[in-house]
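Visitor:
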Amino acid sequence: MKNWFVTLSSNPVLVCIILGLVAWGIYFQTYRYGFALDDAIVISENKFVEKGVDGLYSIFANESFTGYFGKQTSYVAGARYRPLSIASFALEYELYKYKPAYSHLINVFIYWICCGLIYFAVRKLFSYRFDREASSLVAFVTAMIFLVHPTHVEAVANIKGRDEIMSTLFAVAALICTLKYHDTRKWIWTWVTGVIFFLALMSKENPITLLIAFPVLLYYISGFTWKEAFQYMIPYGVSSLAFILLRVKVIGYLFDTKLKIVDLMNDPFVEMNFIQKWCTILYTVVWYIKLLFVPHPLTHDYYPYHVPIMNPTSPGFLLALATVILSLWIAWKCRKSHSIVTMAILFFYITLSIVSNAIFPVGTFMNERFLFLPSLGFCILLGYYFYTWSQSSRKQLHFLGIGGGLVILLLFSLKSFFRVPAWESGDSLNLSAIGISKNSARINLFTGVTYFHKYESESDQIKKYQDLDIAEKYIDRALEIYPRYSQGHIMKVGVYAEKYKKDNDLVRFLQSIKKSAGMYPELTFTNEFLTYLKKENSNHAELAKFFKEVGYDVLYKKNRNYPFAIQYLKDAQAMDPLDGTVNQMLASVYLDYASFGKLEPGQVEYLKQQAATLMQSNMKQ
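For the sequence shown, the positions run 293 to 913 when my numbering is used.
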């Protein structure tokens, strides 16, 4: 048995076949799936991708989300420049338009190749210290653990996750070329290294952290000196500099725009102070560590407030701080006797840093796909110890190495296999996450949207309105978590508009949307439906009451939103011209606006005249 396994792991062809069989066994089911989550941004609704080959120039000449958002860069925190992965989608579109089945299968194929390269890279890294059999065994186990790790499902099963796979694939290929240069001293391998690493950066920015992380591998695994390890990073540095210059040229800045992002769902830290932000960042780092060892439960949604806000006295933060300090202490103590442990810890922190929100905002607290590259050090660690324990003369360690490795591989494989169906569609993804991310405003809203879609397509009238009630429940929960969620308010108005169409209960409708209208009067749908009511509903008294209360009590008194307060009060005036109190309210708003609205002199004078006219009108009445 042992000899058979040694023979297998030492045969690259057999290893690649096994990796392929496992990869396709877990992920082949994705060929039936469609687009989900952020696929719209980079694929299905990206105007550059829709041009096929003709869109390639625009893809390389713009920030990566421009094809979806246009030139508006304030929607999402940070900035992205990963044209190579998006270009692959454009080429796919050129060949066969939108066929998500093909895109999914391409993701699986690239993932298979990536895991194969990890096998070759790890085998070569360990070959400087171990014999061929030992290094092959470590590499095989490492590649298998990486292949089946459940946190990688998001990157593989979600088409957009190709940027993670491609960047890691090219980065590992670059490392192999570096080791080839070390063995042959042929300069061609240096040039090839630089080119391939540049492709990694053009797929996604994350591999730039490998400028430090790769020397960690070379020093602690292969026994290179620090000087030698960092000297080998020269082509990586040249490629990184070229990428940074290109990125700045295209985007216009290095890290972030000067535009202030105020939407909590695009930057979860906007409502935190400095201390809370860093406490929460540290907390998420340890959450990542937990997911490496115990990848359960899994969700695609770590938005506010599935991840809670941390303070210096929060038990979660204190535990996280202790964990980080302990891990760094272990890394220091093990640097000589158990250098693989040190390697894994340092590799994890270094590669995670770029997506941790510590350097620049990434638009969310955390994501499982962000573990794709950082998990490599962890997988090497497990691969190494499962091998060394299996070779131990002590029965306990021997069985731990063999049995533990098999159990981990089996459990991870099953978890991944059963996690994949969640990515079938946006609706399936939302429904799978709502049981996990119960305190996320975003997933509660998106689940509400899912049930709203069910309501729209359902023919059975009983089931139809049951779905609408469920949608309302989740939307209300989203607004309970985050009361200023603009998209939540849009959906809330939409739900009650549908209920109004059924029961024609104007009082109930107006009462239900009062808060939404007062908080976000600029919402297009709200204004459009209110315009419809003004034309179609004869209950002018109730409409006048609504416009008066929202306009004066909420928009004016509470929010000092003068333009919309005036608009609403004018609507109330139109609904009930004989109500003198509306004129008084409107006059007060005009005068206050003139005094505190920071307007031009002509505008101030106009408002004062309007107020005087209204007061005179009331006196005549």
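For glycine and all other residues, C-beta sits at the position ideal for the given N, C-alpha and C.
On the DSSP letters alone, give me the boundaries of the alpha helix (DSSP H) that E790 sits inside.
Guide: Unbroken alpha helix (DSSP H) run through E790: 778-795.
Visitor: Specify the secondary structure class of K478 as computed by DSSP and reduced to three states.
Guide: In this structure, K478 counts as coil in the three-state DSSP scheme.
Visitor: If you draw a straight line from the C-alpha of N796 to the C-alpha of Y788, how long is it?
Guide: If I take the Cα positions, the gap works out to 10 Å.
Visitor: Cutting at 6 Å between CB atoms, please list the residues of its own chain near F821, excluding the five before and the five after it.
Guide: The residues are A789.
Visitor: Please return the same chain residues whose Cβ sits closer than 6 Å to the Cβ of C671, not counting the five positions on each side in sequence.
Guide: Excluding sequence neighbours, C671 sits near T434, I437, F438.
Visitor: By DSSP, does S619 sit in helix, in strand, or in coil?
Guide: Three-state DSSP puts S619 in a helix.
Visitor: Cβ of L590 within 9 Å of Cβ of R734?
Guide: Not closer than 9 Å, so no.
Visitor: Provide the residue span of the alpha helix (DSSP H) that contains G408, from first to last.
Guide: Where G408 is concerned, the enclosing alpha helix (DSSP H) stretches over 392-419.
Visitor: Which full runs of the alpha helix (DSSP H) of 4+ residues lie inside the stretch 677-729, going along the chain?
Guide: If we require 4 residues or more, the alpha helix (DSSP H) runs fully inside the stretch 677-729 come out as 687-711, 718-725.
Visitor: Under DSSP, the alpha helix (DSSP H) around M602 begins and ends at which residues?
Guide: Careful: M602 lies outside any alpha helix (DSSP H) and carries neither H nor E.
Visitor: Kindly provide the ranges of any alpha helix (DSSP H) runs that are 4 or more residues long and lie completely inside the stretch 462-540, ordered along the chain.
Guide: List check, alpha helix (DSSP H) in window: 480-495, 502-512, 518-523.
Visitor: Leaving out the 5 sequence neighbours to the left and right, which residues in its chain are closer than 6 Å to M877 when beta-carbon positions are compared?
Guide: Only Y844, L861 meet the Cβ criterion.
Visitor: Are the stretch 635-652 and the stretch 522-529 in contact at 8 Å, needing three or more beta carbon pairs?
Guide: With the cut-off at 8 Å, the stretch 635-652 and the stretch 522-529 do not touch.
Visitor: I need the boundaries of the alpha helix (DSSP H) containing C308, first residue and last residue.
Guide: It spans 304-319 - the alpha helix (DSSP H) in which C308 sits, taken as one unbroken run.
Visitor: Considering just the uninterrupted stretch of the alpha helix (DSSP H) at F352, what are its terminal residues?
Guide: Note, F352: alpha helix (DSSP H), 348-353.
Visitor: What residue from T742, Q753, Y676, F535 has the CA that sits closest to M783's CA?
Guide: The residue with the shortest Cα to Cα distance from M783 is T742.
Visitor: Check M293 in the structure and name its three-state DSSP category.
Guide: In this predicted model, M293 has a pLDDT of only 45, less than 50, meaning its place in the structure is not dependable enough to derive any value.
Visitor: Which class does H832 belong to by DSSP, given the choice of helix, strand or coil?
Guide: Helix, per DSSP.
Visitor: Would you mind working out which of W479, A332, Y597 sits nearest Y360, comparing C-alpha positions?
Guide: If we check each option's Cα against that of Y360, A332 comes out closest.
Visitor: Go through its chain and collect everything with a Cβ distance to I573's Cβ below 7 Å, but skip five positions before and after it.
Guide: The residues are S648, N649, A650.
Visitor: Helix, strand or coil for I651? Go by DSSP, reduced to three states.
Guide: Here I651 sits in coil by DSSP.
Visitor: Does the count of Cβ pairs from the stretch 340-350 and the stretch 460-470 closer than 8 Å reach three?
Guide: Judged by Cβ distances under 8 Å, the stretch 340-350 makes no contact with the stretch 460-470, as fewer than three pairs qualify.
Visitor: Alpha carbon to alpha carbon, how far is L815 from N853?
Guide: For L815 and N853, the distance between alpha carbons rounds to 14 Å.
Visitor: Write down the C-beta distance between M557 and Y595 rounded to the nearest angstrom, noting that I regard them as a contact closer than 8 Å.
Guide: Indeed, because the Cβ distance is near 6 Å, the residues count as touching under 8 Å.
Visitor: On a Cα-Cα basis, can you pick out the residue from F489, P587, D759, A612 that is closest to A534?
Guide: Nearest C-alpha to A534: F489.
Visitor: Rounded to whole angstroms, what is the Cα-Cα separation between A413 and T470?
Guide: If you take the alpha carbons of A413 and T470, they lie about 10 Å apart.
Visitor: So, under 8 Å CB-CB, Y580 and L644 are touching, yes? Tell me the CB distance rounded to an integer number of Å.
Guide: Confirmed, about 6 Å.
Visitor: Following the continuous alpha helix (DSSP H) through N736, name the residue where it begins and the one where it ends.
Guide: Residues 733-749.
Visitor: Tell me whether F381 sits in a helix, a strand or coil according to DSSP, three-state version.
Guide: Residue state, collapsed to three classes: helix.
Visitor: So, helix, strand or coil for S366, using DSSP?
Guide: Below a pLDDT of 50, predicted positions are generally treated as unreliable, and S366, at 49, falls in that range; the measurement from the model is reported next regardless. In the structure shown, S366 sits in coil (DSSP, three-state: anything other than H, G, I, E or B).
Visitor: Quick one: give me the first and last residue of the alpha helix (DSSP H) that L883 is part of.
Guide: Here the alpha helix (DSSP H) through L883 covers 872-888.
Visitor: For E446, report the span of its alpha helix (DSSP H) as first-last.
Guide: 445-449 is the span of the alpha helix (DSSP H), which, as asked, contains E446.
Visitor: For V846, which option in S880, M811, F418, E716 has the closest C-alpha, if you only look at C-alpha atoms?
Guide: With distances taken between Cα atoms, V846 lies closest to M811.
Visitor: State whether the stretch 668-682 contacts the stretch 619-636, with contact taken as three or more CB pairs (one from each stretch) at a distance under 8 Å.
Guide: At 8 Å Cβ cutoff, the stretches touch.
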